[in-house]
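Reviewing the structure listed below.
Residue numbers (the numbering used here): 2 to 157.
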């Protein structure tokens with residue numbers, strides 16, 4: 002008879018006292034042991050596992066943003082060391098959800114009033130009370146078109 006190639010499954014070895022998963026401990030294929038020596042199942046909700054997932058997600062989004070912006074420099078997760086013509090700080094996750102919601106609702110409002118055949122990319126300008134300055138928010142996917150417009154001197 003042949004041996005099974007399946008990885009053994011067991012209960013998650015994460016910190017059950019601090020786990021945020023209701024059905025803790027999870028049952029499944031154990032991952033590689035972390036620095037604390039515990040082997041966790043995918044989806045584990047203890048602080049160590051959540052932190053590792055959050056960091057990986059943030060790093061992936063920062064790499065994607067850096068590529069879209071065409072920024073060269075040190076290949077590092079620290080945006081402060083990226084170089085380029087401007088400073089960048091990439092934020093991801095739930096903390097930017099409200100910004101995304103406001104942007105998409107403003108974009109939808111603009112799209113409803115947009116004349117047929119208007120190809121211009123959309124930018125949102127946010128100007129809170131008690132300040133004379135504002136924020137310009139746009140899509141990374143529109144950045145190339147925006148830069149061409151700025152360089153060509155259109156929009157004046």
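Each residue gets a CB set at the ideal place from its N, CA and C atoms; glycine is no exception.
From a predicted model like this one, the values you see are computed outputs, not experimental measurements.
Limits of the alpha helix (DSSP H) - the one that residue 52 falls within: 48-70
How many Å lie between residue 40 and residue 21 at the Cα? 17 Å
What did DSSP end up calling residue 92 once you bin it into helix, strand or coil? coil
Short check: CB of residue 1 to CB of residue 30, under 8 Å? Limits of the chain in this structure are 2 at one end and 157 at the other, which puts residue 1 out of reach.
The alpha helix (DSSP H) that contains residue 148, what's its start and end? 144-153
Identify whether residue 136 lies in helix, strand or coil by the three-state DSSP scheme. strand
So, with DSSP's three-state summary, where would you put residue 104? helix
Exposed unless 16 or more other CB atoms sit within 10 angstroms - verdict on residue 125: buried
Tell me which same chain residues have a C-beta within less than 8 Å of the C-beta of residue 94, skipping the five on either side of it? 55, 58, 59
Whole beta strand (DSSP E) runs in the stretch 19-48 with 3 or more residues, listed along the chain? 28-30
Alpha carbon to alpha carbon, what distance is there between residue 67 and residue 83? 9 Å
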